[in-house]
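Reading through the C-alpha cells given below for one structure.
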Amino acid sequence: MIDAVRARPALVTLVVMLLVSALLAPGVTAQDLDAVTRNREDIEVRLETLSRQLEDIEARRANVEDAITDLDGERAALAEEAARVDEQLQRRLREQFKHGGPTVLAALLSGDGVTDSLERAGLLNALGRRDRTVIERSRALTLQMAQSAALIQAKQADLAGIQAEMQALSAQLQSELAAVSRLEKDLRSRKERQMIMERGAQNGTYACIVARPYHYVDSWGSPRSGGRRHKGTDVMAQMGAEVYAITHGRITSMKSGGLGGIVLYLWGDDGVTYYYAHLRGYASTVHVGKRVEAGELIAFNGNTGNARGSSPHIHFEVHPGGGSAVNPYPWLRPLC
310 MIDAVRARPA LVTLVVMLLV SALLAPGVTA QDLDAVTRNR EDIEVRLETL SRQLEDIEAR
370 RANVEDAITD LDGERAALAE EAARVDEQLQ RRLREQFKHG GPTVLAALLS GDGVTDSLER
430 AGLLNALGRR DRTVIERSRA LTLQMAQSAA LIQAKQADLA GIQAEMQALS AQLQSELAAV
490 SRLEKDLRSR KERQMIMERG AQNGTYACIV ARPYHYVDSW GSPRSGGRRH KGTDVMAQMG
550 AEVYAITHGR ITSMKSGGLG GIVLYLWGDD GVTYYYAHLR GYASTVHVGK RVEAGELIAF
610 NGNTGNARGS SPHIHFEVHP GGGSAVNPYP WLRPLC
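Here is the structure:
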C-alpha cells in the first residue's frame with residue numbers, strides 16, 4: 310500500500326502541470342472547468358486515503374513506543390534481580406574466603422566484577438546450582454533485552470522514516486490541491502465575467518476591465534491640461550482593485566513613466582489595441598508576449614503618472630487596428 314502511495318507524487322505533479330499549462334491558454338471552456346474540478350476531486354480522494362494510512366502508521370508507532378516502555382520496565386526489574394544476585398554472590402564469596410583463604414580473595418580482586426572474578430577463578434562450580442541458574446538467566450535476559458531494544462529502535466526509525474515520507478507527500482498533495490482549487494476558482498470567475506459580443510467592431514469574447522465597485526462616465530474629448538483633449542475613458546475603482554483583460558489577446562508592451570505612469574498594451578484577437586494607464590502594478594503572471602483571455606487578471610488599479618494624488622482609476626483607450634483612438638465608452642458600456 311505504501312509503495313503505491315510513494316509512486317504517486319511524480320504522476321500527480323505531471324498531471325497537474327499539464328492540466329494547468331493547458332488551461333492557462335486562452336479560451337476556457339466548460340470542458341476545461343470540468344477537468345479541473347475532476348482533478349481537484351481526485352486529489353481530495355487521495356488525501357483522504359493518505360490520511361487513513363497516516364493514522365495506521367501513528368497506531369503502529371504508538372505500539373512500538375509502548376513496547377519500549379515495557380522493555381524499560383523489564384530492564385529495571387532485571388537490574389534489581391541482578392543486584393540481588395550480586396549481593397548473594399558476594400556473601401557466598403565471603404563464605405568461600407573464610408574456607409578458601411587468600412586464593413579466593415586474589416581471584417575475587419583480579420576481575421572487574423563478582424561474576425567476572427568467579428569465571429576467571431573457576432569458582433562458579435563452587436556455587437550452588439540455583440545460583441548458577443540465576444546468573445545464566447540474568448545474562449540471557451540481558452542479551453535478549455539488548456537485542457529486542459535494537460530491533461524495536463530500528464523498527465521505530467523505519468516507521469518514522471515512512472511517516473516523514475508520507476507527510477511530505479501529503480504536503481505536496483495539499484499544495485497541488487490548493488493550486489488546482491485556485492485555478493478552478495479563477496476559471497469560474499473568468500467564465501462569469503466573460504461575454505460573447507457580436508456588435509460592430511466588437512466580435513468575440515469580452516469582459517469588464519476592473520473588479521466592482523467601479524464608476525465611469527463618457528468623458529471622451531473633455532479638456533485636459535496643456536490644451537489636450539481626453540482620448541479615453543477613466544474608470545474609477547478602489548486602489549489595488551483587480552484589472553482584467555478586456556478580450557483574448559497578447560500583451561505587447563509594459564512600460565512605466567510619463568503621463569500614463571505604469572501602462573500596459575493589449576493586442577486583442579479582434580485586431581484592436583487596448584491601452585491601460587495609471588496602474589498600480591502588474592499581476593505576477595503577466596509579461597510581454599503573454600497570451601491572455603477575457604477576464605484574466607493582468608494588473609491592479611492605481612494612480613501613477615500624472616494621476617498621482619488623484620482618485621485611483623484606469624485611463625482606458627481603444628485603438629482599432631492599432632491606429633487612432635476612438636471613444637471607449639461604447640465598448641465598455643455593454644461590459645461594465
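Numbering (the working numbering), first residue to last: 310 to 645. Note that CB positions come from ideal geometry on N, CA and C, so glycine has one too.
**OP:** Could you please give me the residues that DSSP links to I623 through a beta bridge?
**Re:** V544
query = When burial is assigned at 16 or more other CB atoms within 10 Å of the CB, is G536 buried or exposed?
reply = exposed
Quick check: what's the CA-CA separation for W576 versus F609? 19 angstroms
On the DSSP bridge list, what partners appear for L559?
As written in the sequence, residue 559 is Arg, which differs from the Leu given in the question. W576 and R600, per the DSSP bridge assignment.
Measure from the alpha carbon of P643 to the alpha carbon of each residue in M545, A546, P629 and N512, then state which is nearest.
N512
By how many angstroms is the C-alpha of I352 removed from the C-alpha of V321? The predicted position of V321 is uncertain, since its pLDDT is 45 and thus under 50; no value can be drawn from it.
Mapping the DSSP letters down to three states, classify V413 as helix, strand or coil.
With a pLDDT of 48 at V413, under the threshold of 50, the predicted position of this residue should be treated as unreliable, and no value is reported.
Determine the extent of the beta strand (DSSP E) in which L588 is found, giving its start and end residues.
-> Unbroken beta strand (DSSP E) run through L588: V581 to L588.
Helix, strand or coil: which one does DSSP assign to I607?
strand
Item checked: Backbone CA spacing between I607 and A550 [nearest angstrom] -> 11 angstroms
(request) May I have the straight-line CA-CA distance separating G509 from G558, to the nearest angstrom? (result) 18 angstroms
inquiry  = By alpha-carbon positions, which one of Y584, R617 and V595 ends up nearest to S633?
reply    = Y584
Cβ-heavy atom distance between R499 and the ligand MN below 8 angstroms?
-> The model depicted lacks the ligand MN and carries no ligand whatsoever.
Can you grab the Cα-Cα spacing for the pair E364 / A386, in whole Å?
33 angstroms
**OP:** Determine, using beta carbons only, whether S562 and R349 come nearer to each other than 9 angstroms.
**Re:** no
Is the beta carbon of H524 closer than 9 angstroms to that of K552? Here residue 552 turns out to be Val, not Lys, going by the sequence shown. Result no, Cβ atoms of V552 and H524 do not sit closer than 9 angstroms.
Suppose you measure from the CA of L333 to the CA of G580; what does that come to, to the nearest Å?
In this prediction, L333 scores a pLDDT of 44, lower than 50, which makes its location untrustworthy; the coordinate-derived value is nonetheless stated afterwards. Cα-Cα distance, rounded: 21 angstroms.
- Query: Using CA coordinates, which residue listed in K494, Y638, D467 and W640 is at the minimum distance from A344?
  - Reply: K494
Are the beta-carbon atoms of A554 and G604 separated by less than 9 angstroms?
-> yes
Here's the rule: buried if 16 or more other CB atoms are within 10 angstroms of the residue's CB, otherwise exposed. What is L496?
buried
Quiz item: Per DSSP, what kind of secondary structure is S565 in: helix, strand or coil?
Solution: Three-state DSSP puts S565 in a strand.
(message) Using the three-state DSSP reduction, which class does V635 fall into: helix, strand or coil?
(response) strand
**Q.** Sheet register partners of L374 (DSSP bridge)
**A.** Note that residue 374 is Glu in the sequence shown here, rather than Leu. According to DSSP, E374 bridges with nothing at all.
My output table needs one value for L323: the three-state DSSP class, helix, strand or coil. In this prediction, L323 scores a pLDDT of 42, lower than 50, which makes its location untrustworthy; no coordinate-derived value is stated.
Taking C-beta to C-beta, are I623 and V519 nearer than 9 angstroms? With respect to the 9 angstroms criterion, I623 and V519 are classified as neighbours on the basis of their beta carbons.
Exercise for the section: Going by DSSP, name the residue or residues bridged to Q511. Expected result: R508
field: Inter-residue CB distance, F625 and T556 (contact presumed, cutoff 8 angstroms)
entry: About 13 angstroms separates the two Cβ atoms, so there is no contact after all.
Review point. So, using beta-carbon positions, are G614 and L573 closer together than 9 angstroms?
Key: no
Would you decide whether Q711 is buried or exposed? Buried here means 16 or more other CB atoms lie within 10 Å of its CB. The displayed coordinates of the chain run from 310 to 645. Any statement about residue 711 would go beyond what the structure contains.
Near V373, which residues of its chain fall below 7 angstroms by C-beta distance, leaving aside the five closest residues on each side in sequence? I461, K464, Q465 and L468
Check: What are the boundary residues of the beta strand (DSSP E) that includes R525?
Finding: Inspection of the sequence shows that residue 525 is occupied by Tyr rather than by Arg. That residue, Y525, is in no beta strand (DSSP E); it is neither H nor E in DSSP.
Discussion item. Per the DSSP calculation, P532 is bridged to which residue(s)?
Written reply: R538
Check the DSSP bridge columns for I571 and list the partner residues they point to.
S565 and L588, per the DSSP bridge assignment.
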